[in-house]
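First the structure, in the form of C-alpha cells, and then the observations on it.
There are 2 protein chains.
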Amino acid sequence: MLGGSAVHFALAASFFTEVRVVGSVGDDFGSEPLELLASRGIATEDIEVVPGGETFSWSGHYEHDMNVAHTDDTRLNVFAEFTPKLSASSQEAQTLFLGNIQPDLQRDVRRQSSASFAALDSMNLWIETARDSLLTAISEVDCLLLNDAELRMLTREPNLVKAARTAIDLGPEIIVAKRGEYGAALFTEEVAFAIPGLPLENVSDPTGAGDSFAGGFLGYLDGVRIGDRPDQGALRRAMAYGSVMASFNVEDFGTERVRDLSEDEIAERLAAFKRLTHFDEVPVPTTG
Amino acid sequence: MLGGSAVHFALAASFFTEVRVVGSVGDDFGSEPLELLASRGIATEDIEVVPGGETFSWSGHYEHDMNVAHTDDTRLNVFAEFTPKLSASSQEAQTLFLGNIQPDLQRDVRRQSSASFAALDSMNLWIETARDSLLTAISEVDCLLLNDAELRMLTREPNLVKAARTAIDLGPEIIVAKRGEYGAALFTEEVAFAIPGLPLENVSDPTGAGDSFAGGFLGYLDGVRIGDRPDQGALRRAMAYGSVMASFNVEDFGTERVRDLSEDEIAERLAAFKRLTHFDEVPVPTTG
Chain C
0 MLGGSAVHFA LAASFFTEVR VVGSVGDDFG SEPLELLASR GIATEDIEVV
50 PGGETFSWSG HYEHDMNVAH TDDTRLNVFA EFTPKLSASS QEAQTLFLGN
100 IQPDLQRDVR RQSSASFAAL DSMNLWIETA RDSLLTAISE VDCLLLNDAE
150 LRMLTREPNL VKAARTAIDL GPEIIVAKRG EYGAALFTEE VAFAIPGLPL
200 ENVSDPTGAG DSFAGGFLGY LDGVRIGDRP DQGALRRAMA YGSVMASFNV
250 EDFGTERVRD LSEDEIAERL AAFKRLTHFD EVPVPTTG
Chain Z
0 MLGGSAVHFA LAASFFTEVR VVGSVGDDFG SEPLELLASR GIATEDIEVV
50 PGGETFSWSG HYEHDMNVAH TDDTRLNVFA EFTPKLSASS QEAQTLFLGN
100 IQPDLQRDVR RQSSASFAAL DSMNLWIETA RDSLLTAISE VDCLLLNDAE
150 LRMLTREPNL VKAARTAIDL GPEIIVAKRG EYGAALFTEE VAFAIPGLPL
200 ENVSDPTGAG DSFAGGFLGY LDGVRIGDRP DQGALRRAMA YGSVMASFNV
250 EDFGTERVRD LSEDEIAERL AAFKRLTHFD EVPVPTTG
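This is the structure in C-alpha cells:
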C-alpha cells in the first residue's frame, strides 16, 4: 500500500503549511497517490516518474507489542538510480526535511536547497553502512531526528543525554530522540524537553509514525514562520504537534487515518495531549 | 550493599510521610541499616531479625542501555520462612504498600492491615509461577503498580491501554505502568495520565527505581492525607513525585543518593520536571 517517508511526512505537514515533495517513483505508482497528495495541497511536480521503473517498496512485520519492527524485504527499485532534482520553487523553500535515504542523496538535496532550517532523519542501516557520509550530512543540518536507539548507536553513547550532547557536537543545534509509543525528547545546548506518547487503544500500524511526527514537528515550525532559530516555546509546541500527528498515523494502516483528518480532530487531540501530561506544581509536604 | 524493595520504598516515602517497615532480615543485616532507616524517621520495630538467619540477597547486571536487568543470583534466605507480623501501629496505618514478594505473603499482610488505601507491586516471576494467587492479591488492593511489560504479561494484552483496562477489571481502581527511563503512565476508569522520565546524565544504578517511585507516589498521597479516593490532581502530583524520587535513586549506587536528599532538592527537581514537560496549547495554524 501507499507509504514511504515522503508521503507520511507530507500528509502530516500539510495540515500546518505548504509542502513540496521531491522523490522518484516508477510508473507502477499510478495517478491515485499523486491525486491524494494534491488533494491535501501538496506540490508533486518534483516527484519524478521513471518510465518502466518500479517504485521503492518495503515490507516488514512488528513484534507482539509493536515496539520492534523487522524488515522482511526492501526493494530500492527506482531509488537505486535516484538523482534528486529540485525545481526552483523547491530550492527556495524555507524549511527542508531530508527523509531517511542514503546520506549522499540527502547531502545532494541539501546543496540544492537554500532553506534556512534543515532537518534530517536516518536509520540504523546508514549508521552501519555509510557512517562517514551520514556524519557529514548531519553536520550540514540544523536539526537531527532519530529513534533513541539509533541516536545511541550513532554516538556510541548509551546515555541519552550524553548521546544528544555528542550529536549536538556533530553540528545540529536541535536533537529529537523519537521513542515510539514512549513519546519523544528534544535537546538543545540549553534545554531538554520530553513528552510521553499518547496512550492509544487502537494501534494498527506504526509504519510511518516517525515521519508523521517529523511532518507535524517541522510543518508546525514552518507554518508559524518561526524563522531560522525556533524559540523554546515553538519547539515544545512543535513536539506536541509531532506526537499528535504520529498518534493519528498509527491508528489505521498506511495513510488511511491522516489523509482524512480534520483540523478540529488535531486541535482536540492536542488538548487531550495537554490533559494527559498536565500536573500542578505544589510544595513538598514536610514530615515535620 | 543495602537494598531491597522495602528499603528503597521507605527511604523515598519518608520525605513525604511517616513510614513503618514490615520485613525480615538475618542477623548478618547489622545495626547500621536499621539506624539509617531510623535516622529518616522510619519505624523499624516490625523488622524481624532472625537469629542465625541470612538476609535475602539479589545480584544482577544491566544491559548496555540499562533498560534491561538480568538476575544473576537470588537467595531467599530468611524470606523462605517469612511470616509477616504487623504491630498494632502498623495494622492501623492508613496507607499500605505491598512490595514485591510472593503474593500469598502480600495477601497475609493485607488481611492484617486496616488500611483504607492499599497498593501492590509484583514481578514477572510471580506472574509466571503464582498467577492465581497474584490475581487474588491484586483483587484485594486499590492500586496496582507494575512495569509496563509485566502489565502486558499479566493481562495477556499487548496494548497498554487495554492491558490497564483489563487490570482495572481485576479489582484495583488505579493502575500505574512503570516504564523505566521512559517515565510512567497512570490509568483509572476515567482518565489516563503519562509522564516521561527526566533525562538524566548520571545513571549509575537503576536497582530500586521502581520502589523509589512507589515511595514517592504513595508517600505523597499519604502525606497530604488524600483519604480513600485520591482525586485526579493528587494522583498526577503523586506520579510526578514518584518520578522525581526514582530519578534520584538511579543517580548513585544503592541508597546513597536518596538517603541524604534535602527537601529543597526534591522541590527543585519537581520544578525541573514541570519545565521538562510543559508546553503551551495554541490553536492549529490553518493552511488556508
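Chains as they are written, first to last, in numbering that gives the first Met the number 0: chain C, 0 to 287; chain Z, 0 to 287.
Beta carbons: idealized from backbone N, C-alpha and C, even for Gly.
- Around the C-beta of asparagine 201 (chain Z), fewer than 16 other C-beta atoms lie within 10 Å, and the residue is accordingly described as exposed.
- Closer than 8 Å to the CB of phenylalanine 192 (chain C) there is at least one CB belonging to chain Z.
- Contacts with chain C at 8 Å (Cβ-Cβ) include glutamate 200 (chain Z).
- With contacts defined by Cβ atoms closer than 8 Å, glutamate 44 (chain Z) and valine 77 (chain Z) do not form a contacting pair.
- Taking the C-beta atoms as reference points, serine 56 (chain C) is found no nearer than 8 Å to aspartate 71 (chain C).
- Contact between histidine 7 (chain C) and aspartate 210 (chain C) holds: their C-beta atoms lie close to 4 Å from each other, under 8 Å.
- If one requires a minimum length of 4 residues, the alpha helix (DSSP H) runs lying completely within the region 62-137 of chain C are 87-90, 102-111, 123-128, in chain order.
- Judged by DSSP in its simplified three-state form, threonine 43 (chain Z) adopts strand.
- Within the region 49-72 of chain C, contact with chain Z at the beta-carbon level (separation under 8 Å) is assigned to His63, Asp64, Met65.
- Rounded to whole angstroms, the gap between the alpha carbons of arginine 274 (chain Z) and alanine 233 (chain Z) is 19 Å.
- DSSP, reduced to helix, strand and coil, places arginine 164 (chain C) within a helical segment of the structure shown.
- The C-beta of arginine 236 (chain Z) comes closer than 8 Å to at least one C-beta of chain C.
- In the displayed model, leucine 185 (chain C) falls within a strand according to three-state DSSP.
- A check of alpha carbon separations from proline 205 (chain Z) across Z:Phe278, Z:Glu188, Z:Val20, Z:Val257 identifies Z:Val257 as the nearest.
- Cβ contact annotation for phenylalanine 212 (chain Z) (same chain, cutoff 7 Å, sequence separation greater than five): Lys177, Ala183, Gly241, Ser242, Met244, Ala245, in chain order.
- Along the length of the region 1-57 of chain Z, whole beta strand (DSSP E) runs at least 3 residues long occupy 19-25, 42-49, reported in chain order.
- In this structure, the beta-carbon distance from valine 49 (chain Z) to serine 23 (chain Z) falls below 8 Å.
- If you check the CB distance, threonine 154 (chain Z) and alanine 166 (chain Z) come in under 8 Å.
- The closest CA to that of threonine 276 (chain C), considering only Z:Ala5, Z:Val223, Z:Phe192, is found on Z:Phe192.
- For alanine 9 (chain Z), the closest Cβ of chain C is not nearer than 8 Å.
- Within a 10 Å sphere around the beta-carbon of methionine 0 (chain Z) sit fewer than 16 other beta-carbons, which makes this residue exposed.
- Boundaries of the alpha helix (DSSP H) around asparagine 248 (chain Z): 231-248.
- Under the three-state reduction of DSSP output, valine 190 (chain Z) falls in the coil class, being neither helix nor strand.
- Contact annotation for lysine 161 (chain C) against chain Z: Glu200 [CB-CB distance below 7 Å, chain order].
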